[in-house]
Amino acid sequence: MTENELHCSNCGKTIESIPQHCGHDMIYNEQSNQLECYMGPACGYMKLDQLLCGQCRKDKC
Numbered sequence: 045m046t047e048n049e050l051h052c053s054n055c056g057k058t059i060e061s062i063p064q065h066c067g068h069d070m071i072y073n074e075q076s077n078q079l080e081c082y083m084g085p086a087c088g089y090m091k092l093d094q095l096l097c098g099q100c101r102k103d104k105c
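One gets our numbering by counting positions in the sequence shown from 1 and adding 44 to each.
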């Protein structure tokens, strides 16, 4: 496991693809420890402790 890997907050599985917002990959903000839209956090953001893999998203629906 490397520092740059994203992991599901539910099952711990490595997430292979970076979530997108507004059609672009989200950007990691070290200061806030969250992923943000490339247009800024006012447009969209995701806290890393809320990041889920595809299977966990399906199971929670």
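Yeah, the Cβ is synthetic: ideal placement off N, Cα and C, and Gly gets one too.
From the options, residue whose alpha carbon lies closest to that of residue i
i, options, result
"Glu60", "Gly67, His51, Cys66 and His68", "His51"
"Tyr89", "Ile71, Gly67, Lys104 and Lys57", "Ile71"
"Gly84", "Asp69, Gln94 and Leu95", "Asp69"
Cross-strand partners of residue i (DSSP beta bridge)
i, result
"Asn73", "Gln78"
"Leu50", "Ile59"
"Gln64", "Asp69"
Short Cβ contact (8 Å threshold) for residue i with residue j
i, j, result
"Lys91", "Gln78", "yes"
"Cys55", "Cys81", "no"
Terminal residues of the alpha helix (DSSP H) in which residue i lies
i, result
"Asp103", "Gly98 to Lys104"
Span of the beta strand (DSSP E) around residue i
i, result
"Met90", "Tyr89 to Lys91"
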